[in-house]
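A short worksheet on the structure shown next.
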Amino acid sequence: MKLKYRKYTIKNGDTLNGIAQLLGKSTLEIKNFHSMFCADDDHIVLDFPDHLKELFIYPEYRETDLTLIPKVYFDGGDKLLFRPLNQKKEYGVQYTTTTGAESRIMKCEVAVTCKGRITAENYLFEVQRISRFFVDDEETSTIADELAEKVSGVLYPLEISVDETGQWTGVCNFGQIRQRWEGIKEAILDEYEGESVLQYLALSEQTLETESSVYHALTKDWFLNAYFGGIYIGYSHKFNCKKDVNFPLVPYCEAAKYRVTQKIEPYLDEYNLIAIRTSGDLEEERTIGDFENHLDFPYYGLMDPTAKKATGQFAAKYFLNAASNAIESLAVVCTMDLTIPKKVEVIISKM
């Protein structure tokens, strides 16, 4: 006699998406098969109802098949631990900026090293560029690009403090940055001339003047915002949470705030990686005019309450090593619907 179904006892931490992955089925297939045999109040809508104890599964699977798939380890039930190793990790980094119909691709390689704890709550990380910057697959060639690369190069190696959520919180080697700046500044003056060069150096001097000004400038760094984005948090028994993400899409003004839902898969994926996905919408008081005029506050919104607020989306995917919880790769896409739409894509992959 052939079985019509088997029953699986739902355990703490099981999700519809997780079970579907384990069985190699879509969530729709899992829901539809279960619905063929379950009671009326046991139907699955978005996820397992809180009262549901058993799931009807395809007869070719046994309950033991589902217990063999590794789960993500959580501390205290729902917190993903940040446990950086004292070793260098090298990544390929790609930024794609799109303004209207025009796109630009920038690439470089970056090394990240945890150098240990500096306090009970913070780690010391070193971030180092280990390659030249490439723009549209060519080394920087214009004077403006060359100056930008030389000036930004004084920041590296950059030492930062990172808290236990994986969020970067401050600059730790400002003195070294200032020393490097004095040397690079003299070298630039020896190599280049012209009023525009002097103006660029004057603006750079303001940026690099104090530890606070350096930190403020780095809050607009795409790599730091993406890689040290505070993903090591509590995800609740539903394996998701609501949070605000500040991402610097528009230059010369404070980062835009996106209200997002961040979800973690309780089971490892087919590559034995931890998967985290984030998505949400722009949640700002600033209007389109405020962003287009690089304002940090909703000036046009206050002047005209009917002015159209800016809209946009944020999405991110993280894939982590299951043994260390370290980032293997990530992708971020951030958009804003201005008069000329803007988009930034960040891809970071371990080499």
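Mapping of the sequence shown onto the numbering used here: residues 594 to 944, in sequence order. Think of the CB as a built atom: it goes at the ideal place given N, C-alpha and C, for glycine as much as any other residue. The structure displayed is predicted, hence computed values, not measured ones.
Rounded to a whole number of angstroms, what is the C-alpha to C-alpha distance between A819 and D635?
So the alpha carbons of these two residues sit roughly 40 Å apart.
Going by DSSP, what residues sit across from S942 in a beta bridge?
G685 and S922
Identify, in the order they occur along the chain, each residue of the same chain with its Cβ nearer than 8 Å to the Cβ of E647, setting aside the five sequence neighbours on each side.
K600, Y601, T602 and I603
Taking only the alpha-carbon atoms, compute the straight-line gap between E786 and P859 and give it to the nearest angstrom.
58 Å
Who are the Cβ neighbours of K836 in its own chain at under 7 Å, not counting the five residues just before and after it?
V853 and Q855
Quick one: grab the DSSP three-state call for G669.
coil
Quick one, which of T812, T928, T689 and I781 has its alpha-carbon nearest E798's?
I781
Is Q769 helix, strand or coil when you go by DSSP?
helix
So, does the region 875-887 touch the region 833-849, judging by three or more C-beta pairs under 8 Å?
In short, these stretches touch, since the Cβ pair count reaches three.
Which one of Q687, R710 and T762 has the shortest CA to CA distance from Y725?
The residue asked about is misnamed: residue 725 is Arg in this sequence, not Tyr. Of the listed residues, the one whose Cα sits closest to R725 is Q687.
Which complete alpha helix (DSSP H) runs does the region 860-905 hold, if anything under 4 residues is left out?
881-885 and 892-896
So which of A632, L645, I650 and L673 has the shortest CA-CA distance to I623?
Closest by alpha carbon: I650.
With which residues is G827 paired in a DSSP beta bridge?
DSSP, once it has assigned bridges, lists K672 as partnering G827.
Taking three-plus beta-carbon pairs below 8 Å as touching, is the region 669-685 in contact with the region 917-935?
They touch, by the three-pair rule.
Just to confirm my understanding: we take M699, look at its own chain, exclude 5 residues before and 5 after, and list those with CB closer than 6 Å. What are they?
Cβ within range, chain order: Y688 and V728.
With a threshold of 6 Å on Cβ separation, who are the neighbours of Q721 within its own chain once the five nearest residues in sequence on each side are excluded?
A704, Y749 and P750
Check the DSSP bridge columns for I857 and list the partner residues they point to.
I869
So, do the region 733-747 and the region 706-721 have three or more beta carbon pairs nearer to each other than 8 Å?
no
Alpha carbon to alpha carbon, what distance is there between D783 and G905?
44 Å
Tell me the DSSP secondary structure of E784 in three-state form.
helix
Judging by CA-CA distance, which residue of Q614, D607 and G670 is the nearest neighbour of G827?
G670
Quick check on the DSSP output: what are the complete beta strand (DSSP E) runs of length 3 or more inside the region 677-742, in order along the chain?
681-692, 695-710 and 715-722, all fully within the region 677-742.
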